[in-house]
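In the numbering used here, the protein residues as written are 245 to 411.
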């Protein structure tokens, strides 16, 4: 029974790796949206809804990337955040995402937010796991840390769940 389970698990992992290799090949594209858990940060190019003390905040955005070589994509993202108190913020992100063994995405990016003439910029580091539920669709849970550039700006640690479609 143990051998059957082990053989099945290895076969499933192998099939997932084959699917990931096609989706992550040079010349392919990825479009993704992330949901963030934790504090809002300048890197908000995903989807979220948050309510606190009668104020409702939401954000909407997405990211797209192009694989310049196998497993390495250049990515850009745009987002919009409304804090509910008439503060609207535009968010942006530009970076690189590399898939180690086709299933462990590591990302580094420059990101920022701009609102009413004020801006905040950060460098983001992100890692996670890419679970290919179909040959061109992956779910990517991960953790992220954004390091701010302004004096007194705290680093922001957050978790996320990404949904990606690969073309």
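For glycine and all other residues, C-beta sits at the position ideal for the given N, C-alpha and C. Note that the coordinates shown come from a computational prediction; the quantities given were computed from them, not determined experimentally.
Stretch pair the segment 343-350 + the segment 295-309: three plus CB contacts closer than 8 Å: no
To which residues does DSSP link residue 338 through a beta bridge? 320, 354
Just to confirm my understanding: we take residue 324, look at its own chain, exclude 5 residues before and 5 after, and list those with CB closer than 8 Å. What are they? 303, 304, 305, 332, 333, 334, 335
Find the nearest neighbour of residue 317 within the set 379, 270, 369, judged by alpha-carbon distance. 270
Can you say whether residue 382 is buried or exposed, counting buried as having 16 or more other CB atoms within 10 angstroms of its CB? buried
Between residue 353 and residue 288, what straight-line distance do the alpha-carbon atoms span, to the nearest angstrom? Distance from the CA of residue 353 to the CA of residue 288, rounded to the nearest whole angstrom, comes to 12 Å.
Pick helix, strand or coil for residue 266, following the three-state DSSP scheme. helix
Can you give me the start and stop residues for the beta strand (DSSP E) that residue 370 sits inside? 362-372
If you measure from the beta carbon of residue 315 to each beta carbon in chain B, is any gap under 8 Å? Among the chains in the structure shown there is no chain B, since it carries only a single protein chain.
Round the Cβ separation of residue 379 and residue 267 to the nearest angstrom and send it over; I've been treating them as touching at under 8 Å. 7 Å
Please go through the same chain and pick out, in chain order, the residues whose beta-carbon is closer than 8 Å to the beta-carbon of residue 363, but skip the five residues on each side of it. 356, 357
Residues that residue 377 bridges to, as DSSP identifies them: Residue 377 pairs with nothing; no bridge assigned.
Nearest to residue 321 (by Cα), restricted to the options 327, 339, 395: The alpha carbon of residue 321 has as its nearest neighbour, out of 327, 339, 395, the alpha carbon of 339.
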